[in-house]
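If you count the sequence shown from 1, position 90 lands on 477 in this note's numbering, and the numbers rise without skipping.
The beta carbon of each residue, even a glycine, is placed where N, CA and C say it ideally should be.
To keep things clear, I will list the structure first and then write my remarks on it.
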Amino acid sequence: MAKEVPFKPGESLKYSAEFNLIPVGQAELYVSGIEQIHGKDAYHVSFSAQTKGLANQLFKIRDQIDIWMDSERFFTHRLKKNIQEGSYKKSVDI
Numbered sequence: 388m389a390k391e392v393p394f395k396p397g398e399s400l401k402y403s404a405e406f407n408l409i410p411v412g413q414a415e416l417y418v419s420g421i422e423q424i425h426g427k428d429a430y431h432v433s434f435s436a437q438t439k440g441l442a443n444q445l446f447k448i449r450d451q452i453d454i455w456m457d458s459e460r461f462f463t464h465r466l467k468k469n470i471q472e473g474s475y476k477k478s479v480d481i
């Protein structure tokens, strides 16, 4: 029997970050769809975050994280992240 999940492909959650009512960034969590990875169906979920406006000049953030999780048991098949926060940069693909 298939499990019911609290999300479906195409769904997204969008966030806005403010400091003293001034917009400084945004983020989004998005369920891209179901893809084959290692021969199994996996949800592809993406998260992105970035600063904007004056916050970009003070401390620029451009983060992208993608995970592929098993569609039945929800364990991670793959994790890929590109982090850019100020002068710090790191890329990982597991």
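Cα separation between residue i and residue j?
i, j, result
"Arg460", "Ser474", "37 Å"
"His431", "Leu408", "33 Å"
"Asp428", "Ile452", "19 Å"
"Glu398", "Glu391", "15 Å"
"Ile421", "Trp455", "9 Å"
"Asn443", "Lys395", "32 Å"
"Tyr402", "Ile448", "15 Å"
Please work out which residues of its chain come closer than 6 Å, Cβ to Cβ, to residue i, disregarding the five sequence neighbours upstream and downstream, and give them in chain order.
i, result
"Ile481", "Leu466"
"Lys477", "Ile470"
Could you tell me which of the options sits nearest to residue i, measuring between CA atoms?
i, options, result
"Lys468", "Ser435, His425 and Phe394", "Ser435"
Looking only at its own chain, which residues have a Cβ that is under 8 Å from the Cβ of residue i, when we skip the five neighbours before and after it?
i, result
"Lys439", "Pro410, Val411, Gly412 and Gln413"
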